[in-house]
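Visitor: What follows is a structure written as structure tokens; I'll ask about it next.
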Amino acid sequence: MDSRYFAAFLDIAGRLCTVIGGGQVAERKIKTLLACGARIRIVSPGLTPELGRLAAEGAIEHIARPYEPGDTEGAFLTIAATDSREVNRLVVEEVNKEGRLVNSVHGAAEANLIFPAVVDRGPLQVAISTSGTGPVVAKAIREDLEEYFGEEFEVYLHKLSSVREHLKQTIDEEKMRAEVLLAIVQSRVRELLRSGNEAEADRIIRSIIEGQGNS
């Protein structure tokens, strides 16, 4: 039986992530890590202009030289992102010996972590993996899901979260709170947000909360 990846989400806020390499691929990976609050150390003789700016601002730590053994020490997660397959292999080998997390831009065969295709709508994150067998398929699935979970979905989830907090303060019975939230979910609120009619969506939410309607 072929092995499968274990699906999980990691909290990397405040954790050290080391990236070996300073090109465009490294830049994309680093931006993803920074958005999740990671501390970044990058080892590379050169950087893209954007990474250079981040280093100059102190947003990332830059060690300006080629990779050397020991550079991954202390990292919660390491990314091998050089343009040299051999260097990336050595990085992966070093991290694997320590039993820590490592990703390689040259594929998942030796690394123990992959970056899935992700649909990002604020609180909602949907990760798609084909276990390395079909990246193009994963991308196509992501694009389909991005259409289904449109940009309105982030606003929708924030509104539901606000309603949930309000109900905690005003309704003691958990079952009743759940019924109100379900009524909102089953209403036209998301459809209205998708069409840009936020005022009407808010009116329906208020109506349901007040028990004056079941739109």
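Offset between the sequence shown (1-based) and the working numbering: plus 3.
Think of the CB as a built atom: it goes at the ideal place given N, C-alpha and C, for glycine as much as any other residue.
On a predicted model such as this, the values are computed, not experimentally measured, just so you know.
Alpha carbon to alpha carbon, what distance is there between Leu-37 and Gly-216?
Guide: Within the sequence shown, the letter at position 213 stands for residue 216. Within the sequence shown, the letter at position 34 stands for residue 37. Residue placement at Gly-216 is flagged as unreliable, the pLDDT there being 38, under the threshold of 50; a coordinate-derived value is accordingly withheld.
Visitor: Between Phe-79, Leu-184, Tyr-70 and Gly-110, which has its C-alpha nearest Leu-93's C-alpha?
Guide: Within the sequence shown, numbered from 1, the residue matching residue 93 stands at position 90. Per the Cα distances, Tyr-70.
Visitor: Answer yes or no: the CB of Ala-143 versus the heavy atoms of the ligand NAD, is any distance below 7 Å?
Guide: Looking at this structure, you won't find the ligand NAD or any other ligand, since it has none at all.
Visitor: In three-state terms, what does DSSP make of Ala-83?
Guide: Taking the first residue of the sequence shown as position 1, residue 83 is located at position 80. Here Ala-83 sits in strand by DSSP.
Visitor: Let me check one thing: in DSSP terms, what residues is Asn-106 bridge-paired to?
Guide: Walking along the sequence shown from the start, residue 106 turns up at place 103. In DSSP, Asn-106 forms a bridge with Ile-82.
Visitor: Which of the three DSSP states, helix, strand or coil, is assigned to Gln-128?
Guide: Numbered from its first residue, the sequence shown carries residue 128 at position 125. Strand, per DSSP.
Visitor: Give me whichever residues DSSP pairs with Ile-43 in a beta bridge.
Guide: Along the sequence shown, one-based indexing puts residue 43 at 40. Partner(s): Cys-20.
Visitor: Please report how far the alpha carbon of Asp-2 lies from the alpha carbon of Ser-107, in whole angstroms.
Guide: The question about residue 2 has no answer, for the chain in this structure spans 4 to 218.
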